[in-house]
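Listed in order, the protein sequences are those of chains A and B. The numbering of the first sequence is the numbering used here, which starts it at 1 and goes up by one. The numbering of the second sequence is the numbering used here, which starts it at 1 and goes up by one. Here is the structure we will look at, set down as structure tokens.
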Amino acid sequence: MSIDNAAQELAELVRTGEADYIEAHLEESQASHMVYRGRELESVGRSEAVGGNVRAMVRGGWGFVSFNSLNDLRGRVEMAVRQAGLVGSEASQLAAVPPVVDRVSAGVDRDPVTIPLAEKKQVLDEYNEIIWRQPEIQTSNIGYSDGRKRTIFLSSSGSYIEQERADVNLRVAAIAARDGNVQQAGLSMGSRGDLAPLRQLHHEVERLSRHAVELLSAPQVKGGEYTVVLDPVLAGVFVHEAFGHLSESDFIYENDRMRELMALGKQFGSRELNIVDTATLPGLRGSYKYDDEGVPAARTYLIKEGKLVGRLHSRETAAKLKEKPTGNARAISHRYPPIVRMSNTFIEPGAVSFEDMIGDIKEGIYAKNWYGGTTSMEMFTFSAGEAYMIRNGKIAEALRPVVLTGNVFDTLKNIDAIGNDLDMNQGGGCGKGEQMPLPVSNGSPHIRISRCLVGGS
Amino acid sequence: MEEILFQAKKVAEDAEVFSVALEETQVNFEANRLKHLQTKQQTSMALRIIRQGRIGYAVTTDAEDYPRLVSNAVETAQFGMPAKFELPSANSYPQVEVFSADAGLVPVEAMVTLGGRLIEAVTGHTPGIICEAEVTRGVVSVQLMNSRGGQAEYRKSYFSLDMEGNLTRGTDMLFVGDSASSCQPMLEPGTVADNILQQLELARNQAPVSTKSMPVVFTPNGVASALVMPAPSSCRCWRLSMARRFLKGPLLSGKSWARRSLTANFSCGMTRWLPFSPAAGPATMKGCPASALR
Chain A
1 MSIDNAAQEL
11 AELVRTGEAD
21 YIEAHLEESQ
31 ASHMVYRGRE
41 LESVGRSEAV
51 GGNVRAMVRG
61 GWGFVSFNSL
71 NDLRGRVEMA
81 VRQAGLVGSE
91 ASQLAAVPPV
101 VDRVSAGVDR
111 DPVTIPLAEK
121 KQVLDEYNEI
131 IWRQPEIQTS
141 NIGYSDGRKR
151 TIFLSSSGSY
161 IEQERADVNL
171 RVAAIAARDG
181 NVQQAGLSMG
191 SRGDLAPLRQ
201 LHHEVERLSR
211 HAVELLSAPQ
221 VKGGEYTVVL
231 DPVLAGVFVH
241 EAFGHLSESD
251 FIYENDRMRE
261 LMALGKQFGS
271 RELNIVDTAT
281 LPGLRGSYKY
291 DDEGVPAART
301 YLIKEGKLVG
311 RLHSRETAAK
321 LKEKPTGNAR
331 AISHRYPPIV
341 RMSNTFIEPG
351 AVSFEDMIGD
361 IKEGIYAKNW
371 YGGTTSMEMF
381 TFSAGEAYMI
391 RNGKIAEALR
401 PVVLTGNVFD
411 TLKNIDAIGN
421 DLDMNQGGGC
431 GKGEQMPLPV
441 SNGSPHIRIS
451 RCLVGGS
Chain B
1 MEEILFQAKK
11 VAEDAEVFSV
21 ALEETQVNFE
31 ANRLKHLQTK
41 QQTSMALRII
51 RQGRIGYAVT
61 TDAEDYPRLV
71 SNAVETAQFG
81 MPAKFELPSA
91 NSYPQVEVFS
101 ADAGLVPVEA
111 MVTLGGRLIE
121 AVTGHTPGII
131 CEAEVTRGVV
141 SVQLMNSRGG
151 QAEYRKSYFS
161 LDMEGNLTRG
171 TDMLFVGDSA
181 SSCQPMLEPG
191 TVADNILQQL
201 ELARNQAPVS
211 TKSMPVVFTP
221 NGVASALVMP
231 APSSCRCWRL
241 SMARRFLKGP
251 LLSGKSWARR
261 SLTANFSCGM
271 TRWLPFSPAA
281 GPATMKGCPA
291 SALR
């Protein structure tokens, strides 16, 4: 059975099911991947999947059934309703949204999955060859993946939304070694299904390979507090990981203490600080027209002029917090229920040029790119992919990758300059619970943080 | 599976079909209260072929569309790794206990009770803490057959208990969490509750720490995630060959690499024979009998 036929059958079952609310998702997807370790293409594969789910709400409780056999759809709906009935004990609350009937195409000229593997491999081979041209390169890692999926969402409120999307992701790392000293440099890129930006990275790959070798001779920074300038990639990761996740309302809506901490109107930073999440920007990996609850995407200010003014919602969290739905309920596939997620999250640009930002720093650090890290509640630790000393207002010597750590609330207050050069980072993906990687993007202009703790020797 | 193997054998020297079917039920608690019941049904089929000496690989959830599965595997084989091995022929597999019918039969009500007791134990100890908990039971059926007569089939049950707690005071947020899993049902909060209560006790005293080198004591879970998990992956063959490039001086074997990397007091083993352990099983994903390694 095709997902279109299954959707026809489910539409009636969902409409007549005995629950406060029922929705169903159907999905067909194709994907391919290639992984290089060193000179060898270690893994290459293609995959295809079909499946769906039914989610029901009864007296405030949810039942969720996922499947990839499209038989017995009536049984799936009945099970979801039965499960929800076992859980529910209060009035169901979902923010009202008008039913939508729509079809949204992927918006790419050429589906990346249908491009022959040979064509993609040729580009990756060129990148690997560039990396290996540098002396002292000991190995390389290249991971490429692409995917395309078509989903159908339907609900007991009358929505029927068909959406297509495509996604491409690439990460490249060069690893150099000398006398037991191992250094790495990498890049991560993605797109909304368009392969073109990923075909033109020869210069960047050459630069990162050279940088990995240069790091072998670079000094390690002396640990301590510095004025730190973050590039758009690292600042974007900071705003997503350290702040954005705290703005997801499923973390807040049933937690009185967190609601106090994240109270709207609270001053979190300077008047120049504006943080936005929106899925409405065309061409970005976190963009979509409707979320996985059929809610239209919106532009949501999280921080405006330094004050907390908004947060990200599913229909349920919006209803319970008596706020407007923002269209941020997303699931990575039919196997999972939608949960509150970011889309494209960024710091809006200010007015300061990069030269002015570093111009009055006597001794500081310029941290670029993202290498790894973790957040634990309000605390974060990020490794920058590249780092340089700033001396007397100029970028000086390269450093081995530095580790930045701190408290997100203190750090937001310590942002004392916001650049005019917003750039969006399209690499990687977001993880939350079991659901990863979800296509998102994050970005920022250059930002300057005073008194940032940097780990070192 | 036989039909896929038959079709694949027409275009490849060797082929292997791998099927996984899963049925899972999960009870989720959010903000100290029961929130979701979830059921998952999932089947998938993977095909690995050796064609012109190279490995091709494709996966699908639609076993009926096997011509596409085969053609996808053929396309990937153009670029796949050279197959420097042979698929295993008919083997006898060790008897490893990984299935308990009881695990799949635990009533949902009992799972709800278990999650509720776990939350009560933690919130009773620390009022104000907000907990999320999951109780999961499931059964996985694995089947593998290849063109050299190799064939493996087993069922595995699993039961797991996960919990995370968040305690907020001002801008200070404490995260605690623990989990346990087995192929057998676990109907007592037991160690998960104890470990979380211990984390909460330890967190009562906060100490400032400055950036410097100092001795670090790892908890058993810390050792498992920071040291034990990376150790076996470091011992995989390709990583050993990489390690030879990175380390100075002659390296004759994996053992000598390990001697350089680890202290004399460190021993690490890996086995798939531990009865009812979630990672146990009679066969590897490639149809070879499971083994133990020190």
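For glycine and all other residues, C-beta sits at the position ideal for the given N, C-alpha and C. Fair warning: this is a prediction, and the values are worked out from it, not measured in the lab.
Please report how far the alpha carbon of Y154(B) lies from the alpha carbon of G115(B), in whole angstroms.
For the purposes of this step, residue 154(B) is taken as residue 154 along the second sequence, with counting starting at 1. For the purposes of this step, residue 115(B) is taken as residue 115 along the second sequence, with counting starting at 1. If you take the alpha carbons of Y154(B) and G115(B), they lie about 29 Å apart.
With 16 other CB atoms within 10 Å as the buried threshold, where does A351(A) fall?
The count along the first sequence starts at 1 and reaches residue 351(A) at position 351. Exposed is the call here.
Could you check what DSSP says for E316(A) in three-state terms: helix, strand or coil?
Here residue 316(A) is taken as the residue at index 316 of the first sequence, counted from 1. Looking at E316(A) - three-state DSSP - the assignment turns out to be helix.
What are the residues of the region 54-69 of chain A that lie near chain B, defined by any Cβ-Cβ distance shorter than 8 Å?
G61, W62, G63, F64, V65, S66, F67, N68 and S69
Give the range of the beta strand (DSSP E) segment to which A6(A) is assigned.
Within the first sequence, residue 6(A) is the residue found at index 6, counting from 1. From DSSP, A6(A) is part of no beta strand (DSSP E) but of the alpha helix (DSSP H) over I3 to T16.
Just how far apart, CA to CA, sit T76(B) and G56(B)?
Here the question's residue 76(B) lines up with position 76 in the second sequence. Here the question's residue 56(B) lines up with position 56 in the second sequence. Going by the C-alpha atoms only, they are around 5 Å apart.
Look at the alpha carbon of G359(A) and the alpha carbon of N392(A), and state the distance between them as a whole number of angstroms.
Residue mapping note: residue 359(A) aligns to position 359 of the first sequence, counting from 1. Residue mapping note: residue 392(A) aligns to position 392 of the first sequence, counting from 1. Their backbone Cα atoms lie some 7 Å apart in a straight line.
Does any CB atom of chain B fall closer than 9 Å to the CB of R133(A)?
Counting from one through the first sequence, the residue named residue 133(A) turns up at place 133. R133(A) does not count as touching chain B.
Please classify E16(B) as buried or exposed, where buried requires at least 16 other C-beta atoms within 10 Å of its C-beta.
One-based indexing of the second sequence puts residue 16(B) at position 16. Buried.
What are the start and end residues of each continuous beta strand (DSSP E) run of 3 or more residues lying completely inside the region 320-404 of chain A, in chain order?
344-347, 363-376, 379-391 and 394-399
Assign E254(A) to one of two classes, buried (16 or more other C-beta atoms within 10 Å of its C-beta) or exposed (fewer than that).
For this step, residue 254(A) is matched to residue 254 along the first sequence. By the 10 Å Cβ count, E254(A) comes out buried.
Decide yes or no for the touch test of the region 119-133 of chain A against the region 315-326 of chain A: beta carbon pairs closer than 8 Å, at least 3 of them.
no
Could you tell me whether the Cβ of S179(B) comes closer than 9 Å to any Cβ of chain A?
Indexing the second sequence from 1 puts residue 179(B) at position 179. No, its Cβ sits nowhere closer than 9 Å to a Cβ of chain A.
Does DSSP put D125(A) in a helix, in a strand, or in coil?
As a position in the first sequence, residue 125(A) is number 125, starting the count at 1. Of the three classes helix, strand and coil, the one that applies to D125(A) here is helix, per DSSP.
Give me the DSSP bridge partner(s) of Y158(B).
As a position in the second sequence, residue 158(B) is number 158, starting the count at 1. Note: Y158(B) sits in a beta bridge opposite G138(B).
Taking the Cβ atom as the reference point for each residue, do V135(B) and Q52(B) lie within a distance shorter than 9 Å?
Your numbering for residue 135(B) matches position 135 in the second sequence. Your numbering for residue 52(B) matches position 52 in the second sequence. Not in contact: V135(B) and Q52(B) (Cβ atoms no closer than 9 Å).
Only counting the same chain, and skipping five residues up and downstream in sequence, which positions put a Cβ closer than 7 Å to that of R299(A)?
Translated into the one-based positions of the first sequence, residue 299(A) becomes position 299. The residues are V276, T278 and T280.
Chain-order list of residues whose beta-carbon lies under 8 Å from that of L438(A) (same chain, five-residue window excluded):
Position 438 of the first sequence holds residue 438(A). Cβ within range, chain order: R330, I332, R341, G429, C430, G431 and K432.
Near-chain B residues of the region 305-336 of chain A (beta-carbon distance less than 8 Å), N- to C-terminal order
R335
Go through its chain and collect everything with a Cβ distance to E206(A)'s Cβ below 6 Å, but skip five positions before and after it.
If you number the first sequence from 1, residue 206(A) lands on position 206. Only I130 meet the Cβ criterion.
Local Cβ density within 10 Å of I482(A), reported as buried at 16 or more and exposed below that
Examination of residue 482(A) is not possible in this model, given that chain A is present from 1 through 457 alone.
Locate the beta strand (DSSP E) running through A173(A), then write down its first and last residues.
Position 173 of the first sequence, counting from 1, holds the residue named residue 173(A). Per DSSP, A173(A) belongs to the beta strand (DSSP E) from Y160 to R178.
I'd like the list of long-range same chain contacts for R15(A), defined as Cβ closer than 7 Å, with 5 residues on each side in sequence excluded.
The count along the first sequence starts at 1 and reaches residue 15(A) at position 15. If we look at R15(A) and ignore the five residues flanking it on each side, its Cβ neighbours are S156.
Would C237(B) be called buried (16 or more neighbouring beta carbons within 10 Å of its own) or exposed?
Reading the second sequence from its first residue, position 237 is the one you call residue 237(B). Per-residue confidence for C237(B) stands at a pLDDT of 49, beneath the threshold of 50, marking its modelled position as unreliable; no derived number is given.
Classification of D65(B) by the beta-carbon crowding that lies within 10 angstroms, buried from 16 upward
Here residue 65(B) refers to the residue found at position 65 of the second sequence. Exposed, by the Cβ-count rule.
In the region 60-124 of chain A, which residue ranges form an unbroken beta strand (DSSP E) of at least 3 residues, counting only runs that do not cross its ends?
61-67 and 101-104
Please report how far the alpha carbon of Q8(A) lies from the alpha carbon of E323(A), in whole angstroms.
Translated into positions along the first sequence, residue 8(A) becomes position 8. Translated into positions along the first sequence, residue 323(A) becomes position 323. For Q8(A) and E323(A), the distance between alpha carbons rounds to 33 Å.
Whose C-alpha, out of I3(A), R37(A), E40(A) and V58(A), is nearest the C-alpha of Y21(A)?
If you number the first sequence from 1, residue 21(A) lands on position 21. Answer by Cα proximity: V58(A).
What three-state label does DSSP hand P88(B) in the structure shown?
Position 88 of the second sequence, counted from the first residue, corresponds to residue 88(B). Reduced to three states, the DSSP call for P88(B) is coil.
Any beta-carbon of chain A closer than 9 Å to the one on M1(B)?
Here residue 1(B) corresponds to residue number 1 of the second sequence, with the count starting at 1. Taking Cβ atoms only, chain A never reaches closer than 9 Å to M1(B), which makes this a no.
Given a cut-off of 9 Å, decide if S353(A) and G306(A) are closer than it, judged by their beta-carbon atoms.
In the first sequence, the residue the question calls residue 306(A) occupies position 306. In the first sequence, the residue the question calls residue 353(A) occupies position 353. Contact: no.
Going by DSSP, which residues form a beta bridge with K40(B)?
As a first step, residue 40(B) must be located in the second sequence, where it is residue number 40. According to DSSP, which records beta bridges pairwise, K40(B) is partnered with S66(A) and E24(B).
May I have the straight-line CA-CA distance separating P296(A) from I129(B), to the nearest angstrom?
On the first sequence, position 296 is the one that residue 296(A) refers to. On the second sequence, position 129 is the one that residue 129(B) refers to. The alpha-carbon atoms of P296(A) and I129(B) are separated by roughly 34 Å.
Tell me the rounded alpha-carbon separation between E23(A) and E90(A).
Residue numbering aside, residue 23(A) sits at position 23 when the first sequence is read from its first letter. Residue numbering aside, residue 90(A) sits at position 90 when the first sequence is read from its first letter. In a straight line, the C-alpha of E23(A) is about 20 Å away from that of E90(A).
Is the Cβ of M424(A) closer than 9 Å to any Cβ of chain B?
Indexing the first sequence from 1 puts residue 424(A) at position 424. No, its Cβ sits nowhere closer than 9 Å to a Cβ of chain B.
Do L195(A) and V168(A) have their CB atoms nearer than 9 Å?
Sequence index remark: in the first sequence, residue 195(A) carries index 195 (1-based). Sequence index remark: in the first sequence, residue 168(A) carries index 168 (1-based). Going by C-beta atoms, L195(A) is nearer than 9 Å to V168(A).
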